[in-house]
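Asker: First, the structure itself, so that you have it in front of you.
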Amino acid sequence: MKALSKTRRFPDATTAIWLATLLGIAGVGFGSAHLLASQSAPGPATVLRLATLAATVAWLMSGVFRLPAPQDPWRPTAFYMLLLAGGAIVAEVVARLTGDAIGLVAQGIAAMASAWWTWRQFSTAPQWRLHATWLATLVGSTVTIWFLVRHEWMIAATGLTGITGMATGCVVGLFGIRALLSGTSGITAVARTVIDEAARMRAALVLLVLLVLLIPILPLVLDHSEQLAYRVQFFLSWALGGTGLILSLLTIFLACGSVCGDIDSNRIHMTLVKPLERWEYLVGKWLGIALFNLLMVGLAGAGTYTFVRVLAATLATDQNDRDVVDRQVLTARTEIWPEHDNPEEYHAAIAGAIKQLQSDDPDAFARNPSAARKRIQKEFEWTWHTVIPDAVSTYLFHGLARPYADAKQAGQPSESTPPTVQLQLKPRVNNVDVDLADVRFVMWLNDRPWPMRDGLHVEQTFASLAVHVLQIPTEFIDATGTLKLTVANRNLVPPGETRPTAIIFSPGDGLKILERVGTFNGNFLSCLAVVWIKLAMVAATAVAAATFLGFPTAILLSLVIYCAALGSGFLRDALGLYNVVAETALASVAERLSLAGRMAGELRLYESLRMLLGFVTDLLLWFIPAFSDYDAVRSLATGIVIPPTDVLSCLLKIGVLYPLAFGLAGWAIFQNRDLVRSSN
Numbered sequence: 072m073k074a075l076s077k078t079r080r081f082p083d084a085t086t087a088i089w090l091a092t093l094l095g096i097a098g099v100g101f102g103s104a105h106l107l108a109s110q111s112a113p114g115p116a117t118v119l120r121l122a123t124l125a126a127t128v129a130w131l132m133s134g135v136f137r138l139p140a141p142q143d144p145w146r147p148t149a150f151y152m153l154l155l156a157g158g159a160i161v162a163e164v165v166a167r168l169t170g171d172a173i174g175l176v177a178q179g180i181a182a183m184a185s186a187w188w189t190w191r192q193f194s195t196a197p198q199w200r201l202h203a204t205w206l207a208t209l210v211g212s213t214v215t216i217w218f219l220v221r222h223e224w225m226i227a228a229t230g231l232t233g234i235t236g237m238a239t240g241c242v243v244g245l246f247g248i249r250a251l252l253s254g255t256s257g258i259t260a261v262a263r264t265v266i267d268e269a270a271r272m273r274a275a276l277v278l279l280v281l282l283v284l285l286i287p288i289l290p291l292v293l294d295h296s297e298q299l300a301y302r303v304q305f306f307l308s309w310a311l312g313g314t315g316l317i318l319s320l321l322t323i324f325l326a327c328g329s330v331c332g333d334i335d336s337n338r339i340h341m342t343l344v345k346p347l348e349r350w351e352y353l354v355g356k357w358l359g360i361a362l363f364n365l366l367m368v369g370l371a372g373a374g375t376y377t378f379v380r381v382l383a384a385t386l387a388t389d390q391n392d393r394d395v396v397d398r399q400v401l402t403a404r405t406e407i408w409p410e411h412d413n414p415e416e417y418h419a420a421i422a423g424a425i426k427q428l429q430s431d432d433p434d435a436f437a438r439n440p441s442a443a444r445k446r447i448q449k450e451f452e453w454t455w456h457t458v459i460p461d462a463v464s465t466y467l468f469h470g471l472a473r474p475y476a477d478a479k480q481a482g483q484p485s486e487s488t489p490p491t492v493q494l495q496l497k498p499r500v501n502n503v504d505v506d507l508a509d510v511r512f513v514m515w516l517n518d519r520p521w522p523m524r525d526g527l528h529v530e531q532t533f534a535s536l537a538v539h540v541l542q543i544p545t546e547f548i549d550a551t552g553t554l555k556l557t558v559a560n561r562n563l564v565p566p567g568e569t570r571p572t573a574i575i576f577s578p579g580d581g582l583k584i585l586e587r588v589g590t591f592n593g594n595f596l597s598c599l600a601v602v603w604i605k606l607a608m609v610a611a612t613a614v615a616a617a618t619f620l621g622f623p624t625a626i627l628l629s630l631v632i633y634c635a636a637l638g639s640g641f642l643r644d645a646l647g648l649y650n651v652v653a654e655t656a657l658a659s660v661a662e663r664l665s666l667a668g669r670m671a672g673e674l675r676l677y678e679s680l681r682m683l684l685g686f687v688t689d690l691l692l693w694f695i696p697a698f699s700d701y702d703a704v705r706s707l708a709t710g711i712v713i714p715p716t717d718v719l720s721c722l723l724k725i726g727v728l729y730p731l732a733f734g735l736a737g738w739a740i741f742q743n744r745d746l747v748r749s750s751n
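The working numbering puts the first residue of the sequence shown at 72, with every later residue one more than the last.
What follows is the structure in structure tokens.
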């Protein structure tokens, strides 16, 4: 055994000499080729590059083949080079004689044949078989990419480069995680076995292949006639959204399969017979899956970021399209909503309307006072966002361009402040018959007409029900960081009408200011952090489900919780129909009990029961993790900043609170479970 182990690895001196020779061949050869090219000798430089490349690959593979054949590594190396280099030459000849497509097929066959030959040679050294075959596959893929570039198949070359890079990163990352978990702790040992299972499980491999193919191929199949901004947003949404979905499914199958597989196959008895507590076993399972997800999110993020930058560098349809990509997508903007210019009068009017309703219809108001107040507040908000003819509406935006405002107050310019902020509008006309008509209005910024052209106040004309973004110069922002927007209706009189229609800016996305407060790079990292935090919660859910359920049932329960977390926003709106509106939880409980009692006294038993069911829906909504509250992918794709406070809140709620709750519940069940009877 000692002799065998010595033949499986290089002595230290031999390894150093081999590595130095490899670097010397590559450095001297490519350096000399560069000197020849600089001396106007491109032909000899190209020949020298090819010879250096072949020599480098041959020396590299000779070191690899020394593992299974330490006495004579050059014979398998020569046959490998014959398959790879000879195949490349044949592919080039075939491409010139018959066409690039057939040449590409020949090149692919040569690359696969060289990988197959490597696999066969390592039958006597199975511990190195996968590593060596992967290295041979990487070399073959690189040669194939070079063929694609030479024949100007740039799209295919880009896709294959992305696939090769992500797959290589996956292999190297798994090796690094195994090294990180090489300690003697029981938790790290369990986590290391999970990493090994992830590389062997068929379902996990299928999902991994799908993920590796998704990101590099997705930007290549987009319609290049579409606007560049739409393509970049689509790619960001689908690449990162697809990553979250695929890794969530992989996490569920891996966690349930690992725990349930240990129990069903009795491996759990061999594991727990060691000095390993059951909680350490569960923590190790979760840790291994969390580290695996961290690797995959990092790889997916690196691939997505690279292809986003490549895609954003392609031709845009026009300059406006380019500006949208730079200013509205690949950026990080904060949203600022308008406030009333006379808040005291506005709130007094709302209070008066509530009192009037309470006086005019006390029975209707008493049925659900909170809902009645909420309805009146919304009615006033919609009225405030409506610009009627022959009148103006005013909106205040506070806290804008603080560096600019502070510098302006001090009388000094600020170079760190962007020259503009963005006013986003989504106007529509208040008439169902003319909803598609153009919307016309004029604006004043801090009581100054804008925009001005040739000394005239220019009227704005926009399509109804469409989102429009205007670049507002920061010079209009006053020293307190406030922008006062005044809008006057200039709609035309529709046929059959006597006066123009009103203009409505829907509260929320219909009227807001967007100000750049960060960069796309920082926003992208925040998005990846949120994606990984959600996966950590999914892993805890699946591990906990597998502690007391069989494999199919554990997967089903995990999928139900995951789907409920994804649709938490929809469930909140749907189940909220049975709830009352109140400012606090205690007020909600008191009001629901009061309403249920009143309805029961009026013999409206069904409505009373439905009102009491609100306690159940409240509990359900509280139990379900709210993924929709942290929609980082949507924010990233629309250029909206993901604040560090949101990332921290997501970490505490989704990444700590829920995993801890699910983990404690799973441990309590697992600690008292009879594993001997369960496995029989």
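Beta carbons: idealized from backbone N, C-alpha and C, even for Gly.
Just so we're clear, the structure is a prediction, and the values are computed from it rather than from any experiment.
Count the other CB atoms, across all protein chains shown, that sit within 10 Å of the CB of ARG398; report buried if there are 16 or more and exposed otherwise.
Answerer: Buried, since its Cβ has 16 or more Cβ neighbours within 10 Å.
Asker: Count the other C-beta atoms from every protein chain shown that fall within 10 angstroms of the C-beta of LEU648, then say buried if there are 16 or more, exposed otherwise.
Answerer: Note that LEU648 scores 46 on pLDDT, short of 50, meaning its location in the model is unreliable; the coordinates nonetheless yield the value given after this. Exposed is the call here.
Asker: For the alpha helix (DSSP H) holding LYS605, just list the boundary residues, first then last.
Answerer: Per DSSP, LYS605 belongs to the alpha helix (DSSP H) from 591-617.
Asker: Taking the alpha helix (DSSP H) that GLN399 belongs to, which residues open and close that run?
Answerer: Note, GLN399: premise wrong, no alpha helix (DSSP H); not H, not E.
Asker: Is DSSP giving ALA508 helix, strand or coil here?
Answerer: Residue state, collapsed to three classes: coil.
Asker: Can you tell which of PRO730, ILE421, ASN594 has its C-alpha closest to the C-alpha of THR405?
Answerer: Among PRO730, ILE421, ASN594, the Cα nearest to that of THR405 is on ASN594.
Asker: What does the alpha-carbon distance come out to for the pair LEU119 and GLN110?
Answerer: Their Cα atoms are separated by approximately 14 Å.
Asker: Taking the beta carbon of PHE391 as the centre, do at least 16 other beta carbons fall within 10 Å, making it buried, or is it exposed?
Answerer: Note that residue 391 is Asn in the sequence shown here, rather than Phe. Exposed, by the Cβ-count rule.
Asker: Note down, in chain order, each residue of its chain lying with its Cβ closer than 7 Å to the Cβ of PRO730, except the 5 sequence neighbours on either side.
Answerer: Within the same chain, PRO730 has close Cβ partners ALA607, MET608, ALA611.
Asker: Could you please give me the residues that DSSP links to ARG499 through a beta bridge?
Answerer: ARG499 pairs with ILE575.
Asker: From GLY95 to THR259, what does the alpha carbon distance come to, in whole angstroms?
Answerer: Looking at the two C-alpha atoms, the distance is approximately 40 Å.
Asker: Pick out whichever of ASP394, HIS456, GLY526 has its Cα sitting closest to the Cα of THR402.
Answerer: Ranking the options by Cα distance to THR402, first place goes to ASP394.
Asker: Exposed or buried, which one is GLU450 when buried takes at least 16 other CB atoms within 10 Å?
Answerer: That one is exposed.
Asker: Near THR369, what residues of its chain come up, given a Cβ to Cβ distance below 6 Å and the 5 sequence neighbours on each side ignored?
Answerer: For the record, residue 369 in the displayed sequence is Gly; it is not Thr. Nothing listed; no residue qualifies.
Asker: Just mark THR123 as buried or exposed, buried being the case when its beta carbon has 16 or more other beta carbons within 10 Å.
Answerer: The residue is buried, with at least 16 neighbouring Cβ atoms inside 10 Å.
Asker: I need the straight-line Cα distance from LEU496 to PHE547, nearest angstrom please.
Answerer: Cα-Cα distance, rounded: 18 Å.
Asker: Could you have a look at PRO544 and say whether DSSP puts it in helix, strand or coil?
Answerer: Three-state DSSP puts PRO544 in a strand.
Asker: With a CB to CB cut of under 7 Å and the five nearest residues on each side skipped, what residues in its chain are close to PHE622?
Answerer: Excluding positions up to five away in sequence, the list reads CYS327, GLY328, CYS331.
Asker: For PHE468, report the span of its beta strand (DSSP E) as first-last.
Answerer: Unbroken beta strand (DSSP E) run through PHE468: 463-468.
Asker: Using CA atoms only, rank isn't needed, just tell me which of THR195, PHE698, PHE576, LYS555 is closest to ASN413.
Answerer: For ASN413, the nearest C-alpha among the options comes from LYS555.
Asker: Identify whether GLU586 lies in helix, strand or coil by the three-state DSSP scheme.
Answerer: Three-state DSSP puts GLU586 in a strand.
Asker: Is the beta carbon of THR491 sitting closer than 8 Å to the one on PRO544?
Answerer: Against a cut-off of 8 Å, the Cβ pair of PRO544 and THR491 comes out as a contact.
Asker: For TRP190, which residues of its own chain have a beta-carbon under 6 Å away from its beta-carbon, when the five flanking residues on both sides are left out?
Answerer: Closer than 6 Å at the Cβ level, and outside the excluded window around TRP190, lie THR204.
Asker: Pair every Cβ in the stretch 689-708 with every Cβ in the stretch 626-639, then say whether three or more of these pairs are closer than 8 Å.
Answerer: The stretch 689-708, when compared against the stretch 626-639, does touch it at the 8 Å Cβ threshold.
Asker: Across which residues does DSSP place ARG519 in a beta bridge pair?
Answerer: Bridge partners of ARG519: LEU516.
Asker: Can you tell me whether VAL458 is helix, strand or coil according to DSSP?
Answerer: DSSP places VAL458 in strand when its eight states are reduced to three.
Asker: Quick one: complete beta strand (DSSP E) runs, 3+ long, within the stretch 98-154?
Answerer: You should have found no qualifying run.
Asker: Have a look at VAL601, VAL614, GLY737 and flag the residue whose alpha-carbon is nearest the alpha-carbon of VAL718.
Answerer: The residue with the shortest Cα to Cα distance from VAL718 is VAL601.
Asker: Would you check if there are 3 or more beta carbon pairs closer than 8 Å linking the stretch 153-169 to the stretch 180-188?
Answerer: Enough Cβ pairs lie closer than 8 Å, so yes.
Asker: Starting from ALA403, follow its DSSP beta bridges and name the residues at the other end.
Answerer: Paired residues: GLY589.
Asker: Can you check DSSP and say which residues form a bridge with THR235?
Answerer: Its beta-bridge partners do not exist; DSSP assigns none.
Asker: Measuring straight from C-alpha to C-alpha, what distance separates HIS469 and PRO409?
Answerer: One C-alpha to the other measures close to 8 Å.
Asker: Straight-line CA distance for PRO715 to LEU516?
Answerer: So the alpha carbons of these two residues sit roughly 32 Å apart.
Asker: Does GLY734 come out as helix, strand or coil in the three-state DSSP assignment?
Answerer: DSSP places GLY734 in helix when its eight states are reduced to three.
Asker: According to DSSP, ASN560 sits in a beta bridge with which residue or residues?
Answerer: DSSP lists PHE512 as partners of ASN560.
Asker: Who are the near neighbours of PHE136 in its chain, counting only those whose CB is closer than 7 Å to its CB and skipping five residues on each side?
Answerer: So the list reads PRO144, PRO147, THR148, GLN192, once near-sequence residues are dropped.
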